[in-house]
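Taking it in order: structure first as C-alpha cells, then the write-up.
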Amino acid sequence: MIVEIKVFSTLKRYVAGSDMLVGDNRWEIPEGITARELGKKLKIPDKEIKIIIINGRKADDAHVLNEGDSVYIFPPLMGG
Amino acid sequence: MAGSGKDFSTSPLTEEDLVRYSRQILFPAFGEEGQRKLRQAHVLIAGVGGLGSPVSIYLACAGIGKLTLVDSDAVELSNLNRQILHGEEDIGEQKVMSAARKLKKLNSTVEINPLAVRITPESIPGLLRGINLVVDCLDNMKTRFILNEGCVQAGIALIHGGIAGMIGEITTIIPGQTPCFACIFPRDVEGKKPFPVFGCTPALIASLQVMEAIKLLAGFGELLTGKMLYINGERMECTQAPLQKNKACRVCGGGNI
C-alpha cells in the first residue's frame, strides 16, 4: 500500500536510497504494518529515539498503518 | 489571555517608550496597543542558556513588562560558545544573576526577577503564579514535562523550543486548544549530555520563540499551534509536521480543559 512518509533531520540518512520510495514522499509499504515495524523497514535503528506522528497524532509502537496515511518521523531535540 | 487577569489597555506609554519602541510600534498590526500589551506582560523564561539568552535579550529589548528567569545552574566555560548573555568574567556566577545584570543594562525599564531554583513538581505552581506566558528554553526532557504539566494545569501558554547540532524545533502550546508537550513527546527518553550545538542554532530558534511570544501577547498574526516547525540548518531545510491532541494524554486528556 502507498503512504506518505516524511523523515526529518538526522534520521534521514538511514532512509536515503530506499527502494520503498516510489515518488515524492510516497512510499510502498506492506499491508498491516505497525509503526514499530515501519521503523525497522526504514532501517532506522531502534537505538535512535524517534517520534512517529501518523495523521497528526503520536503513534505508539503497535499502531497499524493504513493506505494513504500521512507519517512524520523525527527525533526529539532535547537541547536548549 | 490565559493565566492573566490584568487589563492590558490601561497602561499608558511614556514619551520615552514611544521613541524607544517606535520602530516596532510602526508595525501596523502591533502599534501602541501592542506595545502596551507587552508592557503589561509577565513572561517566565525557563532556562537561561543557549535558547534563554537570546530569548530574554529580545524580550527585554521589546519592552516586556516583567521577566522571571529560572535556572539553577552557574556559568561554565563550555557555555560560552552559545550562551551569549554570559562572558568570561561571569564563570562561576549563577546564570540568572549574570543574565539579570546584562538585561538591566539593555533595558532598565523592564523588571527582572532572577530565580536560581530548580523547576520541580513542588516548585512549579508557585513559579507560574501571575505569569502570562512561559518560554521553554530548557536543556532536558524531564524538566520540560514538569513545566508542561504546570502550564496545562495553570492554563498558561508555553512556547517550546529544542535544539541539537544545527537542528531546531518549535511549537506553541495553548492549553485547551492545542496538543500539549506530553501529547507529542515520549516520556521515557533523555538525550546525551553534553549534546553537540553551535551557537547559531539556539539563536535561530530563540528568535522564532520571541516572534511567537510577541504575536501571542499582542494578539496578531498566526501562531505555530498544532504543528511543529523543524529547521535543519545543515541542509537548510524547513518543514512543518501537523500535530493533534492525544486523546489518551495523561496530562491534558486531549480534550478541552
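These protein sequence lines map, in sequence, to chains A and B. So the number in our numbering is just where the residue sits in the first sequence, counting from 1, plus 30. So the number in our numbering is just where the residue sits in the second sequence, counting from 1, plus 5. We put the CB at the ideal spot given by N, CA and C, even for glycine. Predicted model, so just to flag it, every value in this text is computed and none were measured.
Any beta-carbon of chain A closer than 8 angstroms to the one on residue i?
{"i": "residue 249 (chain B)", "result": "yes"}
{"i": "residue 244 (chain B)", "result": "yes"}
{"i": "residue 59 (chain B)", "result": "no"}
{"i": "residue 172 (chain B)", "result": "yes"}
{"i": "residue 132 (chain B)", "result": "no"}
{"i": "residue 258 (chain B)", "result": "no"}
{"i": "residue 207 (chain B)", "result": "yes"}
Using the three-state DSSP reduction, which class does residue i fall into: helix, strand or coil?
{"i": "residue 46 (chain B)", "result": "coil"}
{"i": "residue 212 (chain B)", "result": "helix"}
{"i": "residue 189 (chain B)", "result": "helix"}
{"i": "residue 106 (chain B)", "result": "helix"}
{"i": "residue 207 (chain B)", "result": "helix"}
{"i": "residue 95 (chain B)", "result": "helix"}
{"i": "residue 198 (chain B)", "result": "coil"}
{"i": "residue 102 (chain A)", "result": "strand"}
{"i": "residue 233 (chain B)", "result": "strand"}
{"i": "residue 166 (chain B)", "result": "strand"}
{"i": "residue 135 (chain B)", "result": "coil"}
{"i": "residue 37 (chain A)", "result": "strand"}
{"i": "residue 19 (chain B)", "result": "coil"}
{"i": "residue 181 (chain B)", "result": "coil"}
{"i": "residue 70 (chain A)", "result": "helix"}
{"i": "residue 119 (chain B)", "result": "strand"}
{"i": "residue 38 (chain B)", "result": "helix"}
{"i": "residue 147 (chain B)", "result": "helix"}
{"i": "residue 247 (chain B)", "result": "strand"}
Kindly list, in the order they appear in chain A, the residues whose Cβ is closer than 9 angstroms to that of residue i.
{"i": "residue 144 (chain B)", "result": "108, 109, 110"}
{"i": "residue 237 (chain B)", "result": "38, 39, 40, 42"}
Strictly under 8 angstroms for the Cβ-Cβ distance: is residue i near chain B by that measure?
{"i": "residue 44 (chain A)", "result": "no"}
{"i": "residue 77 (chain A)", "result": "no"}
{"i": "residue 87 (chain A)", "result": "yes"}
Given this structure, state the Cα-to-Cα distance separating residue i from residue j, to the nearest angstrom.
{"i": "residue 74 (chain B)", "j": "residue 51 (chain A)", "result": "47 angstroms"}
{"i": "residue 202 (chain B)", "j": "residue 171 (chain B)", "result": "7 angstroms"}
{"i": "residue 92 (chain A)", "j": "residue 244 (chain B)", "result": "26 angstroms"}
{"i": "residue 155 (chain B)", "j": "residue 206 (chain B)", "result": "27 angstroms"}
{"i": "residue 57 (chain A)", "j": "residue 33 (chain A)", "result": "5 angstroms"}
{"i": "residue 90 (chain A)", "j": "residue 95 (chain B)", "result": "45 angstroms"}
{"i": "residue 38 (chain A)", "j": "residue 105 (chain B)", "result": "37 angstroms"}
{"i": "residue 151 (chain B)", "j": "residue 49 (chain B)", "result": "14 angstroms"}
{"i": "residue 70 (chain B)", "j": "residue 96 (chain A)", "result": "50 angstroms"}
{"i": "residue 264 (chain B)", "j": "residue 193 (chain B)", "result": "Absent from the structure is residue 264 (chain B), since the part of chain B shown begins at 6 and ends at 262."}
{"i": "residue 115 (chain B)", "j": "residue 109 (chain B)", "result": "7 angstroms"}
{"i": "residue 34 (chain B)", "j": "residue 124 (chain B)", "result": "35 angstroms"}
{"i": "residue 182 (chain B)", "j": "residue 233 (chain B)", "result": "15 angstroms"}
{"i": "residue 22 (chain B)", "j": "residue 161 (chain B)", "result": "27 angstroms"}
{"i": "residue 215 (chain B)", "j": "residue 60 (chain B)", "result": "6 angstroms"}
{"i": "residue 93 (chain B)", "j": "residue 86 (chain B)", "result": "11 angstroms"}
{"i": "residue 82 (chain B)", "j": "residue 178 (chain B)", "result": "33 angstroms"}
{"i": "residue 224 (chain B)", "j": "residue 61 (chain A)", "result": "46 angstroms"}
{"i": "residue 86 (chain A)", "j": "residue 231 (chain B)", "result": "9 angstroms"}
{"i": "residue 195 (chain B)", "j": "residue 40 (chain B)", "result": "39 angstroms"}
{"i": "residue 108 (chain A)", "j": "residue 145 (chain B)", "result": "5 angstroms"}
Check the Cβ of residue i against every Cβ in chain A and list those closer than 8 angstroms, keeping chain order.
{"i": "residue 73 (chain B)", "result": "Going along chain A, no residue has its Cβ under 8 angstroms from residue 73 (chain B), so there is no contact; the nearest lies around 17 angstroms."}
{"i": "residue 200 (chain B)", "result": "108, 109"}
{"i": "residue 52 (chain B)", "result": "110"}
Would you mind giving the Cβ-Cβ distance between residue i and residue j, rounded to the nearest angstrom? I have them listed as a contact below 8 angstroms.
{"i": "residue 184 (chain B)", "j": "residue 248 (chain B)", "result": "5 angstroms"}
{"i": "residue 120 (chain B)", "j": "residue 101 (chain B)", "result": "6 angstroms"}
{"i": "residue 153 (chain B)", "j": "residue 24 (chain B)", "result": "In fact, because the Cβ distance is near 39 angstroms, the residues do not count as touching under 8 angstroms."}
{"i": "residue 176 (chain B)", "j": "residue 165 (chain B)", "result": "5 angstroms"}
{"i": "residue 251 (chain B)", "j": "residue 188 (chain B)", "result": "4 angstroms"}
{"i": "residue 110 (chain A)", "j": "residue 143 (chain B)", "result": "5 angstroms"}
{"i": "residue 212 (chain B)", "j": "residue 26 (chain B)", "result": "At roughly 18 angstroms, the Cβ-Cβ gap does not stay under 8 angstroms, so residue 212 (chain B) and residue 26 (chain B) are not in contact."}
{"i": "residue 80 (chain A)", "j": "residue 103 (chain A)", "result": "6 angstroms"}
{"i": "residue 229 (chain B)", "j": "residue 43 (chain B)", "result": "Going by Cβ atoms, the distance from residue 229 (chain B) to residue 43 (chain B) rounds to 19 angstroms, so no, they are not a contact pair."}
{"i": "residue 84 (chain B)", "j": "residue 54 (chain B)", "result": "6 angstroms"}
{"i": "residue 209 (chain B)", "j": "residue 173 (chain B)", "result": "6 angstroms"}
Identify the contact partners of residue i in chain B, using a Cβ-Cβ distance below 7 angstroms as the criterion.
{"i": "residue 84 (chain A)", "result": "Near residue 84 (chain A) there are no residues of chain B at all, since even the closest Cβ is about 10 angstroms away, more than 7 angstroms."}
{"i": "residue 81 (chain A)", "result": "189, 190, 191"}
Given that residue i touches chain A, what residues does it touch there, using C-beta distances under 7 angstroms?
{"i": "residue 194 (chain B)", "result": "79, 106"}
{"i": "residue 181 (chain B)", "result": "None at all; the shortest Cβ gap to chain A is about 18 angstroms."}
{"i": "residue 56 (chain B)", "result": "110"}
Which residues in chain E sit within 9 angstroms of residue i, going by Cβ to Cβ distance?
{"i": "residue 167 (chain B)", "result": "The structure shown has no chain E; the protein chains it does contain are A and B."}
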